[in-house]
Amino acid sequence: MDVMARDEELKERWDNVVSILSDQFADGDPLDLDSIIYLIGVQELGQLDRRFKKDDKVDLIHIAICRLLEPYGYYEFDFFDDDGWPHYKILEELPVLKAGEQTVLMKEAVVGYFLEKKIIA
C-alpha cells in the first residue's frame with residue numbers, strides 16, 4: 041500500500057475512533073488525542089466506577105501510552121501492583137520525534153488498539 045493510501049486509511053479509521061468515543065463520552069463533541077489516550081488508560085486499569093485524582097490522571101495517561109506502544113516494541117507489560125495498576129518496563133527508548141511525527145505514531149497506535157479490540161474494522 042502506498043503512503044497516500046495508508047495515510048488516508050489511518051485518517052478514516054482515526055475519524056471513526058473519534059466519532060465513536062465522542063458520541064459515547066462527550067455528547068458528540070470531538071475528543072482530542074489526549075482525551076482518547078486518557079480513556080484508554082482508564083479502560084486498561086479496569087476501574088471504571090471510580091473518580092480519579094489529578095495524580096492518577098497522569099498515571100492513567102502513562103499506562104495508556106505504554107500499552108499503546110507495546111506492539112511497537114518500546115514497552116512490555118511487567119506486573120499489576122497491589123492496587124491493580126499495571127506496570128510496564130521500557131524495552132527500547134522512544135526515538136526523538138517531531139511533534140507531528142509523535143501525533144501520527146500515537147494516532148496509529150490508538151487505531152491499532154481499537155482494531156485489536158474489534159471496536160473498529
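41 is the number of the first residue of the sequence shown in my numbering; add one for each residue after it.
From the three backbone atoms N, C-alpha and C, an ideal C-beta is built for every residue, glycine too.
Expected contact under 8 Å - CB spacing of Leu108 and Leu79 to nearest Å: The count along the sequence shown starts at 1 and reaches residue 108 at position 68. The count along the sequence shown starts at 1 and reaches residue 79 at position 39. Actually they do not touch by this definition, with Cβ atoms about 12 Å apart.
Sequence-distant residues of its chain with Cβ nearer than 7 Å to Ile105 (five each side left out): Within the sequence shown, residue 105 is the residue found at index 65, counting from 1. The residues are Ile77.
Contact set for Lys70: own chain, Cβ-Cβ below 6 Å, skip 5 residues either direction: Taking the sequence shown and counting its residues from 1, the one referred to as residue 70 is at position 30. According to the sequence provided, residue 70 is Pro. The question's Lys does not apply to it. Correct list, in chain order: Val58, Ser62.
Residues bridged to Pro70 [DSSP beta-bridge criterion]: Position 30 of the sequence shown holds residue 70. Under the DSSP definition of a beta bridge, Pro70 lacks any partner.
Euclidean distance between Cα positions of Ala139 and Met146: As a first step, residue 139 is located in the sequence shown; it is residue number 99 there, counting from the start. As a first step, residue 146 is located in the sequence shown; it is residue number 106 there, counting from the start. Those two C-alpha atoms are separated by around 11 Å.
Stretch-stretch touch, CB-based, cutoff 8 Å, three pairs: the segment 90 to 103 with the segment 129 to 144: no
Contacting residues, own chain, Cβ-Cβ under 7 Å from Leu73 (five flanking each side not counted): In the sequence shown, the residue the question calls residue 73 occupies position 33. Closer than 7 Å at Cβ, skipping near neighbours: Thr143, Met146, Lys147.
Status (buried if at least 16 other CB within 10 Å, exposed otherwise) for Ala45: If you number the sequence shown from 1, residue 45 lands on position 5. Classification of Ala45: exposed, given that the 10 Å Cβ count is below 16.
First and last residue of the uninterrupted alpha helix (DSSP H) at Tyr115: Stepping through the sequence shown from its first residue, residue 115 is reached at position 75. Premise fails: Tyr115 lies in the beta strand (DSSP E), 115 to 120, not in any alpha helix (DSSP H).
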